[in-house]
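A short write-up of the structure that comes next.
Number of protein chains: 2
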Amino acid sequence: MLQLTKRTEYGLIALVHIAERGAAGCEFVSAREICDRYPIPRRLVAEVLKALQRCEIVESQRGPTGGYALARSPESITLGQIVTALEGAPPLTSCESPILLKSGGCEVHSVCPIRSPVHRVREQLWGLLEHTSLRSLLPPATQAHYAPRAAHAR
Amino acid sequence: MLQLTKRTEYGLIALVHIAERGAAGCEFVSAREICDRYPIPRRLVAEVLKALQRCEIVESQRGPTGGYALARSPESITLGQIVTALEGAPPLTSCESPILLKSGGCEVHSVCPIRSPVHRVREQLWGLLEHTSLRSLLPPATQAHYAPRAAHAR
DNA sequence: TCCAAATAGCACCAAAATGGTGCGCTTAGA
DNA sequence: TCTAAGCGCACCATTTTGGTGCTATTTGGA
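If you read the protein sequences in the order shown, they are chains Z and A. The first sequence: position 127 = 130 (our numbering), numbered continuously. The second sequence: position 113 = 116 (our numbering), numbered continuously.
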């Protein structure tokens with residue numbers, strides 16, 4: 004389906020929350036705090052944030068006072084990166100799947116009439132995701148705090 | 004996942020094939036012909052084309068010499084319409100799901116920090132699909148045959 | 001020094017979506 | 001009237017998805 008998974012949805016909520024708390028001066032945000040505020044299973048938040056950490060989108064700190072923080076500026080984190088981290092950059096159609104290419108190529112291979120045009124559409128779609136930054140998903144007040152070049156709102 | 008289903012993929016292949024054969028003078032294309040040419044289960048082609056018929060994208064004719072034909076010009080059929088016919092216009096995230104809205108709204112409801120920005124992204128994505136016509140998916144020669152204003156190639 | 005709170009890793013499970021099939025009915029041209 | 005086509009319905013197996021349990025491991029602070 005042309006739909007994001009719950010994992011990605013939870014990841015987005017968590018990232019936005021972490022960015023907001025970060026703007027408020029909090030260094031590390033715990034998973035507990037996130038699911039106290041939103042009805043998300045604690046376990047899943049940890050799983051999702053772990054995946055985001057592997058892709059260097061967040062960093063984590065153990066122990067009490069530990070938690071998660073953005074590893075980079077919200078400006079430089081894109082929706083495309085987040086989706087890739089949590090769903091693995093799936094192709095739009097199966098003809099483009101790298102797995103199929105390995106096992107002898109797309110079954111429709113040489114006669115496939117849609118591979119190339121669909122590929123074009125896929126490029127556009129990912130272009131859209133790559134050009135949407137985490138910052139643009141933040142509420143205006145928080146966005147101002149992360150202004151690309153200083154000028155902190157206030 | 005942010006991926007089209009096989010159904011949609013089969014639908015696209017079938018539509019492109021029907022358009023090509025239509026350009027070559029053939030009135031109705033049978034499901035048999037389609038899966039003779041592409042390795043697609045006959046049953047699925049029928050199922051998919053039936054769904055496309057309900058949305059008035061193709062029309063069907065029973066009996067021998069029967070089959071399927073485009074109900075409208077390839078110019079006026081969009082990827083968005085095709086995906087909607089075969090996958091049902093799913094929302095990008097579950098907060099936007101009409102089912103959830105009925106059963107008391109998104110569980111994260113009033114505190115959901117991503118609903119509105121994600122909605123914006125969703126609009127852009129569907130805009131992309133709505134602006135991609137079936138015609139633009141056809142090979143150049145066939146595209147020429149369906150030129151918006153006469154001028155049939157050759 | 002030890003406790004409590006936090007992340008990390010692993011295996012596991014149930015429900016839903018997906019891809020696919022069987023069978024029999026109806027339509028309609030040769 | 002035969003046969004090749006679409007139509008409708010129920011059904012099945014596999015994969016993905018969402019979610020849980022338990023047990024380490026780290027680490028700041030009482």
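C-beta: ideal position from N, C-alpha, C; glycine also. Fair warning: this is a prediction, and the values are worked out from it, not measured in the lab.
State the CB to CB distance for the pair residue i and residue j, rounded to an integer number of angstroms; the pair is presumed to be in contact (CB under 8 Å).
i: Val86(Z); j: Thr11(Z); result: 6 Å
i: Val32(Z); j: Ala72(Z); result: 7 Å
i: Tyr41(Z); j: Ile16(Z); result: 6 Å
i: Trp129(A); j: Gly91(A); result: No, Trp129(A) and Gly91(A) are not in contact; Cβ-Cβ is about 13 Å, not under 8 Å.
Which of helix, strand or coil does DSSP assign to residue i?
i: Gln6(A); result: coil
i: Thr87(Z); result: helix
i: Ala27(A); result: coil
i: Glu133(A); result: helix
i: Tyr13(A); result: helix
i: Glu126(A); result: helix
i: Leu141(Z); result: coil
i: Ala49(Z); result: helix
i: Ala72(A); result: strand
i: Ser33(A); result: coil
i: Ser79(A); result: coil
Would you say residue i faces chain Z, with C-beta separation under 7 Å as the test?
i: Glu50(A); result: no
i: Pro77(A); result: no
i: Glu133(A); result: no
i: Ser73(A); result: The residue asked about is misnamed: residue 73(A) is Leu in this sequence, not Ser. For Leu73(A), the answer is no, since every Cβ of chain Z falls outside 7 Å of its Cβ.
i: Gln127(A); result: yes
i: Val1(A); result: Since the first residue of chain A shown is 4 and the last is 157, residue 1(A) is not available in this structure.
i: Leu140(A); result: yes
Verify the CB distance criterion: does residue i have a CB-CB separation below 7 Å to chain A?
i: Pro120(Z); result: yes
i: Val19(Z); result: yes
i: Pro116(Z); result: yes
i: Ile190(Z); result: Since the displayed chain Z opens at 4 and closes at 157, residue 190(Z) lies outside it and no answer follows.
Per the contact definition of three or more C-beta pairs closer than 8 Å, is the stretch 18-30 of chain A in contact with the stretch 57-73 of chain A? With a cut-off of 8 Å, the stretch 18-30 of chain A and the stretch 57-73 of chain A count as touching, because enough Cβ pairs lie within range.
Interface residues of the stretch 78-91 of chain A facing chain Z [CB-CB below 8 Å]: Sequence-ordered contacts of the stretch 78-91 of chain A with chain Z read Leu82, Val86, Glu90 [C-beta pairs closer than 8 Å].
Between the stretch 113-131 of chain Z and the stretch 34-53 of chain Z, do three or more beta carbon pairs fall short of 8 Å? The stretch 113-131 of chain Z and the stretch 34-53 of chain Z do not touch, with fewer than 3 CB-CB distances between them shorter than 8 Å.
Going along the stretch 53-66 of chain Z in order, which residues come within less than 7 Å of chain A, judged by CB to CB distance? Per Cβ criterion, the list is empty.
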